[in-house]
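This report concerns only the one structure given below.
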Amino acid sequence: MIEENQNIKILRGRALSFLRQPEGVDDFAAFSYFEDGGVAIKGSKIVGFGEFGEVSKQFNGEIIDHRPHLLLPGLIDPHLHFVQMQVVASYAANLLEWLNKYTFVEEQRFFDPVHAAMIASAFFDTLIRYGTTSAVAYCSVHQTSAEAFFGEAEKRNMLMIGGKCMMDRNCPKALQDTAQTGYDESKALAQKWHGRGRAKYAITPRFAITSSPEQLESVTSLLKEFPDCYMQTHLSENMEEIAFTKELYPDHQDYLAIYEHYEMLGEKSLFGHAIHLSERELDAMAQSGSVAVSCPTSNLFLGSGLFDHDRVQKSGVSIAVATDIGGGTSFSMLKTMDEFYKIQQLNGNRFDPLMAFYRMTLGNAKALLLEKDIGTLAPETDADLVVLDAGATPEMALKMQRVETLAEELFLLQTLGDDRAVVETYVAGIAMKAGLV
Ligand code: GUN
Ligand code: ZN
0 MIEENQNIKI LRGRALSFLR QPEGVDDFAA FSYFEDGGVA IKGSKIVGFG
50 EFGEVSKQFN GEIIDHRPHL LLPGLIDPHL HFVQMQVVAS YAANLLEWLN
100 KYTFVEEQRF FDPVHAAMIA SAFFDTLIRY GTTSAVAYCS VHQTSAEAFF
150 GEAEKRNMLM IGGKCMMDRN CPKALQDTAQ TGYDESKALA QKWHGRGRAK
200 YAITPRFAIT SSPEQLESVT SLLKEFPDCY MQTHLSENME EIAFTKELYP
250 DHQDYLAIYE HYEMLGEKSL FGHAIHLSER ELDAMAQSGS VAVSCPTSNL
300 FLGSGLFDHD RVQKSGVSIA VATDIGGGTS FSMLKTMDEF YKIQQLNGNR
350 FDPLMAFYRM TLGNAKALLL EKDIGTLAPE TDADLVVLDA GATPEMALKM
400 QRVETLAEEL FLLQTLGDDR AVVETYVAGI AMKAGLV
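Numbering (numbering that gives the first Met the number 0), first residue to last: 0 to 436.
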């Protein structure tokens, strides 16, 4: 039966969607790929995916021809700071200097709702330009910054997770809440935004250094009251950070043990960086289903360390990969995977391009427990897609002349690609990139 509806559109192109984590560059069973593919979209949902001939027999609607480009699920960035757009490219010796000298100064501007709204608008437009359709973001300590974040995401109908930072010490007074106000404001934001449209709330104690034990106790309470919300924080990013954390919390055996004590581990708990972990810490993360979110461009830029993908994966910990703007140096998930690949080279790990594209899509969706909604082209999921051109620049086009396989094309996109390779970004069924100035 043909389904006819004015709301239906069919995207035509070379369509790629992962089914599971690939086990090597020849693992063709890990993904669906159609050389002449079709993705049927009705309203905000994908309703059909397969050979274009089959999809166009089943659905009747406007055909949008993206050949010869690749159609993929929208890219997912599971750790970045929307309030750090103007911190990017700040010259510092290491994490703590960078935080004190630039980041904690810049974030004070988000006291002003007009500034917060202006940056939030630029932030989502930038994500769209780079093909990122969902992200997990830190806002500043100010409730207004989270309001701006969710408000602008809602205008664009983007699936976004975020939260106001909770921080009551070791930062400028203007950036501090208290255990009580941090709790009250986080609660109000979670009540208002979690589950409203596509928004989801993340309870966001910045890291142990900027939270007193009383504040972390309030995080324990919030997580009990809002078991459906996410939790995000930073963990074991940098050696000086780890040493200072141990001074502040001397009664705990290691960094993760602090968060364990306050019952912050779990399947919806996202730990940014997670580089310098002991076997015990990895084991505790694995047992609890917690997620290690690696941020390669940031780790190189701040000289923090080299996340060992294979070691973390062998320990059974769920892995995600993210930009960490503004410690990170690019909004591009392609660039991010390029740097992640190089870090794995230095660790002696093989990290093939199928894995890279899996991580940016289904892998990151699974780490967020959102694979039923985003991360694939499967029918009934949200119609968030990116259209990629591996010949976007003259040098990419030249290299494309030597490319023979899909994996080689993906590797080219990962190695040389950025926003120029993003032809279009669809958010909930709507083409969003073309309309940007
Ligand atoms: N640790 C605590 N806050 C931050 C931050 O804003 N960026 C990074 N990279 N690490 C942090
Ligand atoms: Zn971060």
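C-beta: ideal position from N, C-alpha, C; glycine also.
Residue i - DSSP class collapsed to helix/strand/coil
i              : result
asparagine 6   : strand
methionine 165 : strand
glycine 37     : strand
histidine 141  : coil
histidine 272  : strand
leucine 69     : strand
methionine 230 : strand
glutamate 146  : helix
glutamate 50   : strand
threonine 177  : coil
methionine 395 : helix
histidine 114  : helix
serine 235     : coil
isoleucine 324 : coil
Whether residue i touches residue j by CB criterion (8 Å)
i                 : j                : result
glutamate 105     : valine 86        : yes
glycine 302       : asparagine 93    : yes
serine 268        : methionine 230   : yes
asparagine 363    : alanine 319      : yes
glycine 42        : glycine 428      : yes
threonine 232     : tyrosine 258     : yes
phenylalanine 339 : serine 293       : yes
glutamate 50      : phenylalanine 33 : yes
valine 449        : glycine 73       : Here the chain has residues from 0 to 436 only, and residue 449 is not among them.
isoleucine 208    : leucine 221      : no
proline 38        : leucine 409      : What sits at residue 38 in the sequence shown is valine, not proline. Not closer than 8 Å, so no.
valine 426        : arginine 155     : yes
isoleucine 118    : phenylalanine 81 : yes
threonine 380     : isoleucine 9     : no
leucine 387       : leucine 18       : no
glycine 271       : aspartate 227    : no
glycine 416       : glutamine 83     : no
methionine 332    : aspartate 76     : yes
alanine 396       : alanine 420      : no
Contacts around residue i, its chain only, beta-carbon distance under 7 Å, and the 5 residues preceding and following it disregarded
i              : result
alanine 198    : Phe149, Ala152, Glu153, Met159, Trp192
isoleucine 241 : Ser235, Tyr254, His275
alanine 145    : Cys138, Gly161, Gly162, Lys163, Leu188
Sequence-distant residues of its chain with Cβ nearer than 8 Å to residue i (five each side left out)
i             : result
alanine 406   : Val24, Asp351, Pro352, Leu353
alanine 178   : Asp167, Ser211, Glu213, Gln214, Glu216, Ser217
glutamine 312 : Ile318
tyrosine 101  : Val86, Ser89, Ala91
alanine 433   : Glu423
leucine 305   : Ile274, Asn298, Ile342, Leu345, Asn346
Interface flag, residue i vs chain D, CB-CB below 8 Å
i             : result
threonine 375 : No chain D appears in this structure, which consists of one protein chain only.
Sequence-distant residues of its chain with Cβ nearer than 6 Å to residue i (five each side left out)
i              : result
alanine 355    : Met336, Gln413
leucine 281    : Ser314, Val316
methionine 284 : Val316
Assumed close pair residue i, residue j - CB separation to whole angstroms, cut-off 8 Å
i           : j             : result
serine 139  : cysteine 170  : Not a contact, Cβ separation roughly 11 Å.
leucine 435 : aspartate 124 : 6 Å
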